Amino acid sequence: GLLESPTSAGVEIEHLTQNVLKSYRETCQLRAEDLQLRRWDTFSREEVCAYQRKPMEEMWQRCAGRITEAIQYVVEFAKRLRGFMDLCQNDQIVLLKAGAMEVVLVRMCRAFNADNRTVFFEGKYAGAELFRSLGCHELISSIFDFAQSLCALHFSESEVALFSALVLVNANRPWLQDQAKVARLQGHLDVAFRVLLRRTRREGLLARLPPPGRLRALCSQHVEQLQAFRRLHPGVLHAAFPPLYRELFA
Amino acid sequence: LQEKHRILHKLLQNGNS
Numbered sequence: 006g007l008l009e010s011p012t013s014a015g016v017e018i019e020h021l022t023q024n025v026l027k028s029y030r031e032t033c034q035l036r037a038e039d040l041q042l043r044r045w046d047t048f049s050r051e052e053v054c055a056y057q058r059k060p061m062e063e064m065w066q067r068c069a070g071r072i073t074e075a076i077q078y079v080v081e082f083a084k085r086l087r088g089f090m091d092l093c094q095n096d097q098i099v100l101l102k103a104g105a106m107e108v109v110l111v112r113m114c115r116a117f118n119a120d121n122r123t124v125f126f127e128g129k130y131a132g133a134e135l136f137r138s139l140g141c142h143e144l145i146s147s148i149f150d151f152a153q154s155l156c157a158l159h160f161s162e163s164e165v166a167l168f169s170a171l172v173l174v175n176a177n178r179p180w181l182q183d184q185a186k187v188a189r190l191q192g193h194l195d196v197a198f199r200v201l202l203r204r205t206r207r208e209g210l211l212a213r214l215p216p217p218g219r220l221r222a223l224c225s226q227h228v229e230q231l232q233a234f235r236r237l238h239p240g241v242l243h244a245a246f247p248p249l250y251r252e253l254f255a
Numbered sequence: 289l290q291e292k293h294r295i296l297h298k299l300l301q302n303g304n305s
């Protein structure tokens with residue numbers, strides 16, 4: 006009944022929604038209009054070959070750099086979310102450590118062209134084959150499949166904003182100190198998301214959202230591949246990867 | 289946890305950038 010009557014709870018939820026949307030707009034890294042305008046600007050055959058010829062370590066380093074940039078925007082998003090900075094520092098770190106990459110993967114659907122299975126990467130749209138020298142075909146395929154499945158939901162920007170806030174503020178993450186406080190914030194975000202969906206007659210979306218396990222599995226796959234890379238190229242991770250990336254995944 | 293995540297901790301402590 007939150008939407009039907011202008012109760013103070015309803016007003017609070019509306020303020021929270023506006024805060025999430027503003028936080029998201031300010032930290033979305035790439036504007037949806039720009040991504041849309043450039044969605045057919047793909048790498049040429051020669052450019053793809055040049056990427057494929059790069060040594061594995063250089064390609065890993067580049068991808069780690071792009072992931073780290075994206076994560077920095079997610080950290081800024083979290084900091085602007087009302088209630089997030091009121092959590093204790095342990096819980097802020099727990100939520101970001103577990104959820105930042107998941108949010109990056111959700112945000113990636115905006116930068117994915119499902120019509121030709123390409124993703125915006127270093128200035129142009131790239132197909133999965135561009136990432137060949139990483140040596141993790143399965144992970145790349147899984148990420149592309151995930152982006153494709155999210156694109157099929159035709160998320161609006163508001164829906165991406167609220168869904169990613171919910172991916173981040175998850176009271177089920179292990180090692181939280183004040184789980185009840187996180188659960189309260191998660192509950193408010195959940196109501197805000199449902200109110201938005203009801204208002205836009207998109208309630209059907211709820212049943213089609215990816216299960217949390219799917220995001221978790223993708224993140225585990227990423228960490229496993231990083232460990233495999235580390236065994237192949239000991240020392241490179243420490244010498245050349247962004248410190249924030251190492252802190253989160255190594 | 290803060291000890292193991294100094295960069296994240298620092299990013300969280302900095303004002304909005």
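So the protein sequences, as listed, match chains Y and E. Following the working numbering, the numbering of the first sequence begins with 6 at its first residue and continues without gaps. Following the working numbering, the numbering of the second sequence begins with 289 at its first residue and continues without gaps. Note that CB positions come from ideal geometry on N, CA and C, so glycine has one too. Just so we're clear, the structure is a prediction, and the values are computed from it rather than from any experiment.
Could you pull the start and end residues of the alpha helix (DSSP H) that residue i belongs to?
{"i": "Y:Gly209", "result": "No alpha helix (DSSP H) contains Y:Gly209, which DSSP labels as neither H nor E."}
{"i": "Y:Arg71", "result": "Met61 to Arg85"}
{"i": "Y:Asp96", "result": "Gln94 to Arg112"}
{"i": "Y:Asn24", "result": "Ser13 to Glu31"}
{"i": "Y:Leu171", "result": "Glu162 to Leu173"}
{"i": "Y:Pro179", "result": "Neither: Y:Pro179 is in no alpha helix (DSSP H) and is coded neither H nor E."}
{"i": "E:Leu289", "result": "Premise fails: E:Leu289 is in no alpha helix (DSSP H) and is neither H nor E."}
{"i": "Y:Ala245", "result": "Val241 to Ala245"}
{"i": "Y:His159", "result": "Taken as a continuous stretch (DSSP letters only), Y:His159 belongs to no alpha helix (DSSP H), as it is neither H nor E."}
{"i": "Y:Ala37", "result": "Ala37 to Leu42"}
{"i": "Y:Phe89", "result": "Looking at the DSSP string, Y:Phe89 is not in any alpha helix (DSSP H), and its letter there is neither H nor E."}
{"i": "Y:Gln232", "result": "Pro217 to Leu237"}
{"i": "Y:Arg251", "result": "Pro248 to Phe254"}
{"i": "E:Arg294", "result": "Arg294 to Gln301"}
Counting C-beta neighbours from all protein chains within 10 Å, is the total for residue i 16 or more, i.e. buried, or is it exposed?
{"i": "Y:Gly104", "result": "buried"}
{"i": "E:Asn302", "result": "exposed"}
{"i": "Y:Gly240", "result": "exposed"}
{"i": "Y:Gln23", "result": "exposed"}
{"i": "Y:Gly6", "result": "Low confidence applies to Y:Gly6: its pLDDT is 48, below 50, so where it sits in the model is not reliable, and the reading given next is rough at best. Flag for Y:Gly6 reads exposed."}
{"i": "Y:Val165", "result": "buried"}
{"i": "Y:Gln191", "result": "buried"}
{"i": "Y:Met64", "result": "buried"}
{"i": "Y:Val228", "result": "exposed"}
{"i": "Y:Leu237", "result": "exposed"}
{"i": "Y:Val187", "result": "buried"}
{"i": "Y:Gly209", "result": "exposed"}
{"i": "E:His293", "result": "buried"}
{"i": "Y:Val16", "result": "exposed"}
{"i": "E:Leu296", "result": "buried"}
{"i": "Y:Glu127", "result": "exposed"}
{"i": "E:Asn304", "result": "Here the model assigns E:Asn304 a pLDDT of 45, short of 50, so the residue's position is not dependable, and the following value carries that caveat. It counts as exposed."}
{"i": "Y:Leu3", "result": "Within the shown structure, residues of chain Y are numbered from 6 to 255, placing residue 3 of chain Y beyond reach of any answer."}
Using 7 Å as the threshold, is the C-beta distance between residue i and residue j below it?
{"i": "Y:Ser163", "j": "Y:Leu194", "result": "no"}
{"i": "Y:Ala83", "j": "Y:Leu173", "result": "yes"}
{"i": "Y:Tyr56", "j": "Y:Leu135", "result": "yes"}
{"i": "Y:Leu21", "j": "Y:Ala197", "result": "yes"}
{"i": "Y:Ser28", "j": "Y:Arg85", "result": "yes"}
{"i": "Y:Leu242", "j": "Y:Ala233", "result": "no"}
{"i": "E:Leu289", "j": "Y:Gln97", "result": "no"}
{"i": "Y:Gln230", "j": "Y:Cys93", "result": "no"}
{"i": "Y:Met106", "j": "Y:Cys33", "result": "no"}
{"i": "Y:Cys114", "j": "Y:Ala152", "result": "yes"}
{"i": "Y:Ala69", "j": "Y:Tyr250", "result": "yes"}
{"i": "Y:Ser146", "j": "Y:Met61", "result": "no"}
{"i": "Y:Arg122", "j": "Y:Phe149", "result": "yes"}
{"i": "Y:Lys129", "j": "Y:Asp46", "result": "yes"}
{"i": "Y:Val109", "j": "Y:Phe117", "result": "no"}
{"i": "Y:Ala176", "j": "Y:Phe48", "result": "no"}
{"i": "Y:Pro217", "j": "Y:Thr73", "result": "no"}
{"i": "Y:Val80", "j": "Y:Leu181", "result": "no"}
{"i": "Y:Gln226", "j": "Y:Leu144", "result": "yes"}
{"i": "Y:Ala5", "j": "Y:Gln66", "result": "Beyond the ends of chain Y as shown, which are 6 and 255, falls residue 5 of chain Y; an answer cannot be given."}
{"i": "Y:Arg206", "j": "Y:Leu158", "result": "no"}
Would you list the residues sitting across from residue i in a DSSP beta bridge?
{"i": "Y:Thr47", "result": "Y:Tyr130"}
Closer than 6 Å: is that where the CB of residue i sits relative to any heavy atom of the ligand ADP?
{"i": "Y:Phe48", "result": "Annotation note on the ligand ADP: not contained in the displayed structure, which lists no ligands."}
**Request:** Could you pull out every unbroken beta strand (DSSP E) segment of at least 3 residues lying fully inside the region 117 to 156 of chain Y, listed in chain order?
**Result:** Entirely contained in the region 117 to 156 of chain Y, the beta strand (DSSP E) runs reaching 3 residues are, in chain order, 123 to 126 and 129 to 132.
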